[in-house]
Amino acid sequence: MSVDDVDDRGNVIVVNIPDTKTYKPRTFTIINGSNSIPAIEVFRKYRKLRPESILHKRLFIN
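Each residue of the sequence shown is one higher than the one before, counting from 12 in this note's numbering.
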């Protein structure tokens, strides 16, 4: 998954998962529901931690 597969639309985040081993692309949304964990803010904090010097566009880095 790349950073281009995630679309932050303010109060919802739309995630597009490209073809995988099932050969079916998938789409899901992240919203802040009634949970005690603010999912959208957690994602935004993770994205903000991404160093600018990284040359690839993979979303998850180690």
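For every residue, glycine included, the Cβ atom is placed at its ideal position computed from N, Cα and C. Here the structure is a predicted model, which means the values were calculated and not measured.
| query | For N22, which of K32, S13, S47 and I51 has the nearest alpha-carbon? | reply | Nearest C-alpha to N22: I51.
| request: Measure the CB-CB distance between I24 and V17 and report whether it falls below 8 Å. | output: yes
| request: Identify the continuous beta strand (DSSP E) that holds I28 and give its terminal residues. | output: V23 to I28
| request: Within its chain, find whatever has a CB closer than 7 Å to the CB of R37; leave out the 5 residues flanking it on each side and keep chain order. | output: I28
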